[in-house]
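Asker: Right, I'll just put the structure down here and ask away after.
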Amino acid sequence: MTTLIKQILSSLKLVILISALAAMSACGGGSSDGGSTSDSSSDGGSNPLIADGDADGYADSSDNCPTTANSTQADGDADGAGDACDPLPTTYTFTDTVGADTVSYTGQTKRQILLSDLVDAMNALTEDPAATVASLNYLFRFDSATSDSATSTFALTGQSLSPNDGSGNLTYGSISSGKDLIGKIAGGNGVGGGETTKLIDNEFLGWSGGDSDPIPVEFVDYLFAQLIAEATDGVTPNISISGGAVVALDTVTIDSKGMNYRQMVQKFLLGAVNFSQATNDYFKTDFANALALEGSNAYTAGEHDWDESFGYFGAARNYGDYTDLEIRAKSGRAAFASGYNDTNTDGLIDVRSEVNLGASVNCAKRDVGSASNTTPTNFTKEAFDAYLVGREILKNAAASGSISAAAQVKLDAAIGTAALTFEKCLAATVVHYINDVVGDIGNFNTATGEYVDLASFKNLTKHWAEMKGFALGLQFSPFSPFRVDAAAKANLVTILNKMGDYPVLANGTQGGVAFTGGVAQYEADLLAARDLLQSAYSFNSENVQNW
């Protein structure tokens with residue numbers, strides 16, 4: 118063989134070898150998202166023949182952040198740009214392509230304020246023969262045509278509020294025009310058929326007192342009627358306390374059977390209005406077909422629906438900037454420690470964006486309650502992050518005019534996480550109050566049917582009504598673990614039935630009738646209900662015992 122032929126063959130072998138090595142490198146591992154091709158060789162080195170400017174193992178041509186190293190290729194909003202170079206928002210602030218604000222949930226804020234004012238109205242009731250249900254219906258069945266100019270009783274000590282009427286008054290109309298509570302209650306307003314299809318099997322679970330087969334609005338009306346009866350009957354219940362003494366109950370919002378009407382109304386409506394609307398209405402939107410602008414507004418119908426769910430959650434726009442202790446308004450930095458923050462530094466606290474209300478506060482309380490445990494919860498972050506991701510996806514969709522298949526998957530996941538975490542905050546609060554009621558029972562003198570003092574009786578009624586009121590709300594979300602099947606529904610019914618329609622009192626009665634098995638059996642029933650809640654939500658047992 119001549120020297121020339123040998124040189125040609127050697128060159129061909131080299132070309133073949135280089136081609137084979139390039140092919141092997143090109144067939145390397147894919148990304149965690151199942152699409153991009155890794156440029157890393159099996160020994161961790163980079164192929165010098167393929168451009169990888171940020172040296173993260175992904176070719177520039179397929180890297181979703183070609184100039185920012187991001188080996189995970191994470192893309193939370195599925196917009197094609199990785200989170201490392203296109204970070205997800207950290208505050209609930211969204212604008213359109215020309216910079217106009219697209220966030221709107223003023224009606225939901227108004228309902229948060231109407232409910233707060235309803236609590237004020239109930240707390241203000243005294244023994245008065247002139248008291249009427251109308252004083253409560255004024256806020257529950259709010260008539261904006263006649264009352265939007267009225268001033269709310271909502272206040273933050275030492276703070277000026279916005280929006281206002283120009284004279285510093287927080288009027289209902291300055292927050293949002295129209296709106297009431299009854300029009301958004303689960304099961305409908307009781308007029309013209311209602312929306313019972315949004316209840317589990319078209320029925321309201323967990324209450325057998327009063328109307329034998331009520332819907333939620335009828336339950337509220339029953340509570341109002343009973344409360345006004347307490348305020349107008351001229352009778353003051355007496356409570357037996359230690360040492361054989363008898364003291365007069367000093368409020369009309371609690372009856373002799375231990376029903377705390379003020380607490381029951383508020384906690385029930387937080388579920389039957391706020392939680393129901395957030396999940397059973399707005400999270401059920403067909404977002405892929407809600408991409409058109411809503412009227413002359415800057416936001417699409419889908420963006421608005423998402424915002425309205427967020428408004429019912431009740432978080433401030435910069436919720437993620439708060440610690441859990443600050444959200445629950447107990448301690449922290451001076452600018453955050455009372456549960457609100459003047460984010461825009463205008464000297465006013467905007468109730469629509471700068472205050473934490475409703476369920477958003479319950480989430481923080483439960484996080485604080487588990488903070489020192491082995492497996493603490495982080496409900497505040499989980500819920501807020503899900504709301505932010507979903508809203509970013511809808512912002513992108515508004516700009517592009519469509520939701521990609523990948524983005525829809527991310528959006529559905531955000532809906533599921535936000536809805537379930539919202540519910541977990543309520544369910545964990547039920548667990549918290551079960552623990553409180555069990556603690557109250559431990560202070561009973563069952564031999565004499567006495568309480569340590571009047572405060573002990575009032576605490577029992579408060580804790581019981583909060584427990585039962587929040588528990589009733591667990592039936593209002595289509596994403597609930599209690600909606601999975603008939604067995605799950607049966608577990609919820611069992612939980613509500615074990616709580617009963619009234620607390621078991623120190624004398625062993627419930628609703629004026631001797632409770633079978635007495636106080637000891639009722640305590641066992643509550644702990645059994647707690648176990649069912651723990652199982653349904655996969656709560657950590659240490660957290661359940663310590664909440």
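For the sequence shown, the numbering used here assigns the number 118 to the initial residue and increments by one for each residue that follows.
All C-beta atoms in this analysis are idealised placements derived from N, C-alpha and C, irrespective of residue type, glycine included.
#1: Take every Cβ of the segment 226-238, pair it with every Cβ of the segment 380-396, and state whether three or more of those distances are shorter than 8 angstroms.
#2: Check this for me: beta carbons of Ala476 and Phe404, under 8 angstroms apart or not?
#3: Under 8 angstroms between the Cβ atoms of Val334 and Asn306?
#4: CB Phe593 to CB Ala536, shorter than 8 angstroms?
#5: Could you tell me if Thr243 is buried or exposed, where buried requires 16 or more neighbouring beta carbons within 10 angstroms of its beta carbon?
#6: Rank Gly625, Ala605, Leu643 by C-alpha distance to the C-alpha of Ile317 and give the top, closest one.
#7: Could you tell me the alpha carbon to alpha carbon distance between Ala415 and Lys296, rounded to whole angstroms?
#8: For Asn377, write down the residues that DSSP places opposite it in a beta bridge.
#9: For Asn562 and Ser293, I'd like the C-alpha separation in whole angstroms.
#10: Would you list the residues sitting across from Tyr436 in a DSSP beta bridge?
#11: Here's the rule I'm using: 16 or more other beta-carbon atoms within 10 Å means buried, otherwise exposed. How should Asn461 be labelled?
#12: With 16 as the cutoff for other CB atoms within 10 Å, does Asn660 come out buried or exposed?
#13: Decide if Leu644 is buried, meaning its Cβ has at least 16 other Cβ atoms within 10 Å, or exposed.
#14: Starting from the C-beta of Gly197, find all residues in its chain whose C-beta is less than 7 angstroms away, skip the five residues before and the five after it, and write them out in chain order.
#15: Check Ser148 in the structure and name its three-state DSSP category.
#16: Whole angstroms is fine: what's the gap from Lys374's alpha carbon to Ser426's?
#17: Mind checking Gln394: buried by the 16 CB within 10 Å criterion, or exposed?
#18: Going by the beta-carbon positions, is the gap between Gly617 and Gly625 smaller than 8 angstroms?
#19: Taking DSSP's pairing of strands, which residues face Leu644 in a bridge?
#20: Could you check which residue in Thr494, Ala514, Gly326 has the C-alpha nearest to that of Gly629?
#21: Pull up the distance between the alpha-carbon of Lys130 and that of Ala186, whole angstroms please.
#22: Can you tell which of Thr214, Glu640, Ala531 has its C-alpha closest to the C-alpha of Gly193?
#23: Quick check: Leu613 and Leu408, are their CB atoms within less than 8 angstroms of each other?
#24: What separation, rounded to the nearest whole angstrom, lies between the Cα atoms of Tyr399 and Asn495?
#25: Would you tell me roughly how many angstroms separate the C-alpha atoms of Phe656 and Ala588, rounded to the nearest one?
#26: Counting only the same chain and skipping the five closest in sequence on each side, list residues whose C-beta sits under 8 angstroms from that of Pro246.
#27: Could you check the C-alpha separation between Ala522 and Glu420 for me, to the nearest Å?
#28: Tell me, please, whether the segment 170-181 touches the segment 501-520 by the rule of three or more beta-carbon pairs shorter than 8 angstroms.
#29: Can you list, in chain order, the residues of its chain with a C-beta nearer than 7 angstroms to that of Ser188? Leave out the 5 residues immediately preceding and following it.
#30: Does DSSP classify Asn490 as helix, strand or coil?
#31: Can the beta-carbon of Ile345 be found less than 8 angstroms from the beta-carbon of Val250?
#32: Determine the direct distance from the alpha carbon of Thr565 to that of Ile230, and round the result to whole angstroms.
#33: What number of angstroms, rounded off, separates the C-alpha of Thr396 from the C-alpha of Gly518?
#34: What are the boundary residues of the beta strand (DSSP E) that includes Ser357?
#35: Would Leu278 and Leu543 qualify as a contact pair, given that the criterion is a beta-carbon distance under 8 angstroms?
#36: Take Val548 as the anchor and find which of Phe632, Ile520, Cys480, Asn377 has the nearest alpha-carbon.
Answerer: Per the coordinate set shown:
#1: yes
#2: no
#3: yes
#4: no
#5: exposed
#6: Of all alpha-carbon atoms in Gly625, Ala605, Leu643, the one lying nearest the alpha-carbon of Ile317 is that of Ala605.
#7: Per the coordinates, the alpha-carbon of Ala415 lies some 21 angstroms from the alpha-carbon of Lys296.
#8: Ile371
#9: 51 angstroms
#10: In the DSSP output, where bridge partners are listed per residue, Tyr436 has none listed.
#11: exposed
#12: buried
#13: exposed
#14: Asn181
#15: Residue confidence for Ser148 is low, a pLDDT of 37 falling below 50, so the modelled location carries little weight; the figure read from the coordinates is stated next. Three-state result, Ser148: coil.
#16: 36 angstroms
#17: Counting other Cβ atoms within 10 Å of its Cβ, Gln394 reaches 16 or more and is therefore classed as buried.
#18: no
#19: Answer is none; Leu644 lacks a bridge partner.
#20: Gly326
#21: A caution first: Lys130 carries a pLDDT of 40, below 50, which makes its placement in the model too unreliable to give a value.
#22: When only C-alpha atoms are compared, the closest one is Ala531.
#23: No, they are not a contact pair.
#24: 24 angstroms
#25: 16 angstroms
#26: Thr349, Gly351
#27: Roughly 18 angstroms between the two C-alpha positions.
#28: With a cut-off of 8 angstroms, the segment 501-520 and the segment 170-181 do not count as touching, because too few Cβ pairs lie within range.
#29: Answer for Ser188: Asp173, Gly174, listed in chain order.
#30: coil
#31: yes
#32: Each residue's alpha carbon lies about 43 angstroms from the other.
#33: 25 angstroms
#34: 355-358
#35: no
#36: Of the candidates Phe632, Ile520, Cys480, Asn377, the residue whose Cα lies closest to the Cα of Val548 is Cys480.
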